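Number of protein chains: 2
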Amino acid sequence: MVVELIAVGTEILLGNIVNTNAAFLSEKCALLGLSLYYQTAVGDNEERLAETLKTALGRSDVVILSGGLGPTQDDLTKEVAAKVMDMPLVDDPHTRRRIEEYFKNIGSKVVTDNNWKQALVPKGSKVIDNKNGTAPGVIMEKNGKIAILLPGPPNELIPMFNNDIFPYLNSLQPEIIYSEMVKICGLGESLVETQITDLIQKQSNPTIATYAKAGEVHLRVTAKAKDSKEAKKMVKPVVKELKERFGRSVYTTSESVTLEDTVIGLLKDKGLTLTTVESCTGGLIAARLTKVPGVSEVFKQGLVTYSNRAKRKLLDVKKSTLKEYGAVSEKTAKEMAKNGAFITGADVCISVTGIAGPEAVEDKPVGLVYIGCCYKNVVTVKEYHFNGERDKIREWATVHALILMRECILEG
Amino acid sequence: MVVELIAVGTEILLGNIVNTNAAFLSEKCALLGLSLYYQTAVGDNEERLAETLKTALGRSDVVILSGGLGPTQDDLTKEVAAKVMDMPLVDDPHTRRRIEEYFKNIGSKVVTDNNWKQALVPKGSKVIDNKNGTAPGVIMEKNGKIAILLPGPPNELIPMFNNDIFPYLNSLQPEIIYSEMVKICGLGESLVETQITDLIQKQSNPTIATYAKAGEVHLRVTAKAKDSKEAKKMVKPVVKELKERFGRSVYTTSESVTLEDTVIGLLKDKGLTLTTVESCTGGLIAARLTKVPGVSEVFKQGLVTYSNRAKRKLLDVKKSTLKEYGAVSEKTAKEMAKNGAFITGADVCISVTGIAGPEAVEDKPVGLVYIGCCYKNVVTVKEYHFNGERDKIREWATVHALILMRECILEG
């Protein structure tokens, strides 16, 4: 089945927003095994939108349109699709009530007239409720072609796609698609690929796809089968095999769980508290950990000791250590982690000191980073050499701090 | 003049990468006063790319293609464009030498055979040197139509566009475009717009366009004139007027300067040092400040006092304050800032305490944030109510911490 994307919105053509919906929808379509050959963005212009939609319906089975479903006059995706597919707009009482409810829930008393425009739907279409906004989604089927209309804001589009459109598209196919994600940290992409060459070569169903992230590799295992029960059964032994091959490097098999979630979860499970002491990452590790709601149970404080003086004053790093070995050294990372744990009374303390650039310091190269982790009074320090610019080095150091922390706790 | 974008790459259609080039190029084209009606993404497929390029050349004057200029067999943008425009590929000795130089500079001794594919260019085209990679850019002009081929990686595309393609497109037009950016912080978009309604209404050249960011509004003043000297002369009084109307809220008129750059610059100019003490932002302020190279001159340390105990132990916040007013209170923000400055000996200390959600704390609502700034022993505390989810509240609190710090130093 061939699918195609059309993003509607003059703000995209002006470069005011990045079309992230296209990447989200494309990845999901790939996962569904659909062929996607074109993504188009077009403005809120009746003629051009109609032309684009006709072309798309001519060459693809399913066209997914996003955006242009707002209440104002310049939003015209639904109107144009209704005309092109010859399915005139009619009032949908269910959506009318839902919009009333929506405004009541957000405490707004006045529903303006133009909001009722959003309760109009193409005759004979399937209406998809929007749980995060007023514009409904719409599925239009006619003459073997399908147009799917989704609201533009990602916080409306993403849940609507995941909850309703994904299962709908899945149900159209002769075989059901089911996938699970195996997330691996601390191993490089090529190393991971080498270790599963045999699996990739011998299997066509399920398939294994690799995605490289900073410090992580995600493996998606996808099976096609006549029903979801059978597909799950096919995915299961492959996921098991991957978990066996990569052991502790697999930190989750859940799509929505991040590395920081895992680390915080591990600390919670073991009843441990944590301190971060950062130099070149400058607060990034603390900021990333505190993205996780409920982190306060384990994370009590963090220190950003950017200067040598701060390393001495706040962390009691010895003057002689800084003088003899330098701020960016194994010795300094070790003292930072050990003293950080002692001073704050935390069970775990992670330290980072390095050279993020753009200029080399202490005759040491840009990208040299030491990460220390103190757990049960034992300090482990590792040396890293990261490539790239300042931002990238800081990001990689942050990820590797989380990875080292996880390793030390699991092994300690 | 009508321009159109085509991004080439199967990785875009698979959703593996977000097409940020489209937003970048679109914003620049808008700035040049060009009309852009379509953005398309298509895979590395000869037939579909040729079809897409023909359609684009049929309805637009200039087509900008990005991606598909790599050395491997599946990269075929140049080959397809050469065929469609009937400008056969020929060897370009200049590019050949540049590629040799490039490999020499990165320390690679072996240039593989397929790299020489990148030295082929359409006959009669203009070759644009790539300073950050091997693939050259190409400008193809024929029968009143123009195709511009750019490398896909943003770190190659962006400088090439800014240095070579922008001036080229500018020179094609009867009038030159010139613009300056006025960056405003701490005022909402609608307030800013209200204050310049008269300017926007009365002027068509120069124009003023507004861009809303978290806590900031950027105003782009753009003039069209017969040459750049005249355009600059037209922009000047408008920028001056905007600076007068918004006074200190204007933090820069330089396109590349960020709010954190400005704050760090201000501290440097005044020879001041800074400490951050953060609760709900959890290190984000420190992380944002340390994005700026050379920040170590003014930023010596930051504390993330996430728990009440950490606020007491590390910052000497009174137990009675926490008990009576709560951790999220004006009183606590005040003590955090004052004590943070005292304990670390910094000239300026910025404090943040708030409720980022998802759940309310101490019977206080999600989004309530207090930000304190201690400067010259005077503490200013402001109360904020931010909307949105955890990430957004933390981001807005971070921006407003920078804004408050700037205000206090300028006024202090």
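Note that the protein sequences, when read in sequence, are chains A and B.
Under my numbering, the residue at position 172 of the first sequence is numbered 172, and the numbers go up by one with no gaps.
Under my numbering, the residue at position 298 of the second sequence is numbered 1298, and the numbers go up by one with no gaps.
No residue lacks a Cβ here, since even glycine has one placed at the ideal position from N, Cα and C.
Since the structure is predicted, the reported quantities are computational estimates derived from the model, not experimental observations.
Do residue i and residue j have their C-beta atoms within less than 8 Å of each other?
| i | j | result |
| --- | --- | --- |
| isoleucine 1176 of chain B | alanine 1212 of chain B | no |
| alanine 337 of chain A | asparagine 308 of chain A | no |
| serine 60 of chain A | asparagine 21 of chain A | no |
| valine 1111 of chain B | isoleucine 1099 of chain B | yes |
| leucine 76 of chain A | glycine 43 of chain A | no |
| isoleucine 1409 of chain B | isoleucine 1350 of chain B | no |
| valine 138 of chain A | valine 62 of chain A | no |
| asparagine 1114 of chain B | methionine 1160 of chain B | no |
| valine 1018 of chain B | valine 18 of chain A | yes |
| threonine 352 of chain A | glycine 1283 of chain B | Strictly speaking, residue 352 of chain A in this sequence is valine, with threonine absent from that position. No, the pair does not count as a contact, with Cβ atoms beyond the cut-off. |
| glutamine 1039 of chain B | alanine 56 of chain A | no |
| glycine 70 of chain A | alanine 135 of chain A | yes |
| proline 1293 of chain B | arginine 390 of chain A | yes |
| lysine 334 of chain A | valine 298 of chain A | no |
| cysteine 374 of chain A | glycine 340 of chain A | yes |
| isoleucine 1355 of chain B | leucine 1315 of chain B | no |
| proline 419 of chain A | glycine 133 of chain A | No information on residue 419 of chain A is available, as it lies outside the stretch 1 to 412 that chain A covers here. |
| glutamate 1180 of chain B | valine 1235 of chain B | yes |
| isoleucine 1371 of chain B | lysine 1364 of chain B | no |
| aspartate 1164 of chain B | isoleucine 1128 of chain B | yes |
| valine 221 of chain A | glutamate 189 of chain A | no |
| tyrosine 1251 of chain B | glutamine 301 of chain A | no |
| alanine 30 of chain A | glycine 1015 of chain B | yes |
When every heavy atom of the ligand MN is checked, does at least one fall within less than 7 Å of the C-beta of residue i?
| i | result |
| --- | --- |
| leucine 1120 of chain B | As far as ligands go, the structure on display features none, and thus does not contain the ligand MN. |
Kindly indicate the opening and closing residues of the beta strand (DSSP E) around residue i.
| i | result |
| --- | --- |
| aspartate 1091 of chain B | 1089-1091 |
| alanine 147 of chain A | 145-150 |
| alanine 209 of chain A | 207-213 |
| lysine 1126 of chain B | 1126-1128 |
| tyrosine 251 of chain A | 250-252 |
Tell me the residue span of the alpha helix (DSSP H) that contains residue i.
| i | result |
| --- | --- |
| tyrosine 1306 of chain B | Neither: tyrosine 1306 of chain B is in no alpha helix (DSSP H) and is coded neither H nor E. |
| glycine 1354 of chain B | Note, glycine 1354 of chain B: premise wrong, no alpha helix (DSSP H); beta strand (DSSP E) at 1348-1354. |
| valine 3 of chain A | Note, valine 3 of chain A: premise wrong, no alpha helix (DSSP H); beta strand (DSSP E) at 2-8. |
| leucine 36 of chain A | No alpha helix (DSSP H) contains leucine 36 of chain A, which is instead part of the beta strand (DSSP E) from 35-42. |
| valine 1263 of chain B | 1259-1270 |
| valine 62 of chain A | Not the alpha helix (DSSP H): valine 62 of chain A falls in the beta strand (DSSP E), residues 62-66. |
| proline 1159 of chain B | 1154-1160 |
| tryptophan 1396 of chain B | 1390-1411 |
| cysteine 280 of chain A | Looking at the DSSP string, cysteine 280 of chain A is not in any alpha helix (DSSP H), and its letter there is neither H nor E. |
| valine 84 of chain A | 77-84 |
| glutamine 195 of chain A | 189-195 |
| lysine 54 of chain A | 46-59 |
| asparagine 1021 of chain B | 1020-1031 |
Name, in chain order, the residues that DSSP records as bridge partners for residue i.
| i | result |
| --- | --- |
| glutamate 1180 of chain B | B/Val1221 |
| tyrosine 1384 of chain B | B/Val1369 |
| methionine 1140 of chain B | B/Ala1147 |
| glutamine 1301 of chain B | A/Thr305, B/Thr1275 |
| tyrosine 1375 of chain B | B/Val1348, B/Val1378 |
| proline 122 of chain A | A/Leu89 |
| valine 1235 of chain B | Answer is none; valine 1235 of chain B lacks a bridge partner. |
| valine 1361 of chain B | B/Lys1364 |
| glutamate 1100 of chain B | Partner(s): none; glutamate 1100 of chain B has no beta bridge. |
| cysteine 1185 of chain B | B/Glu1216 |
Check the Cβ of residue i against every Cβ in chain C and list those closer than 7 Å, keeping chain order.
| i | result |
| --- | --- |
| proline 1167 of chain B | Looking for chain C here will not work: the only protein chains present are A and B. |
Check your understanding: Which of the residues in the region 296-313 of chain A, read from start to end, lie with their CB under 8 Å from any CB of chain B?
Key -> Ser296, Phe299, Lys300, Gln301, Gly302, Leu303, Val304, Thr305, Tyr306, Ser307, Arg309, Ala310, Lys313
Exercise for review: Evaluate the contact criterion for the region 1360-1369 of chain B versus the region 1292-1310 of chain B: three or more CB pairs, one atom per stretch, below 8 Å.
Suggested key: no
Exercise for review: Examine the Cβ distances between the region 197-215 of chain A and the region 135-155 of chain A and report whether three or more of them are shorter than 8 Å.
Suggested key: no
Check your understanding: Given 8 Å as the limit, is there contact between the region 252-269 of chain A and the region 1265-1273 of chain B, that is, 3 or more CB pairs closer than that?
Key -> no
**Study point:** Within 8 Å of chain A by C-beta, residues of the region 1028-1051 of chain B in sequence order
**Key:** Lys1028, Cys1029, Ala1030, Leu1036, Tyr1037, Tyr1038, Gln1039, Thr1040, Ala1041, Val1042, Gly1043, Asn1045, Arg1048
Practice item. For the region 35-52 of chain A and the region 183-193 of chain A, state whether three or more C-beta atom pairs, one from each stretch, are separated by less than 8 Å. Key: no
Exercise for review: Below 8 Å between beta carbons is the criterion; list the residues of the region 370-393 of chain A that meet it against any residue of chain B, in chain order.
Suggested key: Arg390, Asp391
Review point. Do the region 244-255 of chain A and the region 164-178 of chain A make contact, defined as three or more Cβ pairs closer than 8 Å?
Key: no
**Study point:** Within 9 Å of chain B by C-beta, residues of the region 1-18 of chain A in sequence order
**Key:** Leu5, Ala7, Ile12, Leu13, Leu14, Gly15, Asn16, Ile17, Val18
Practice item. Examine the Cβ distances between the region 255-264 of chain A and the region 195-206 of chain A and report whether three or more of them are shorter than 8 Å. Key: no
Check your understanding: For the region 1059-1085 of chain B, which residues have a beta carbon sitting closer than 7 Å to at least one beta carbon of chain A?
Key -> none
Check your understanding: Taking Cβ-Cβ distances below 7 Å as the criterion, which residues of the region 393-410 of chain A are in contact with chain B?
Key -> none
Exercise for review: Scan the region 1239-1254 of chain B for residues whose Cβ lies nearer than 8 Å to a Cβ of chain A and list them as they occur along the chain.
Suggested key: none
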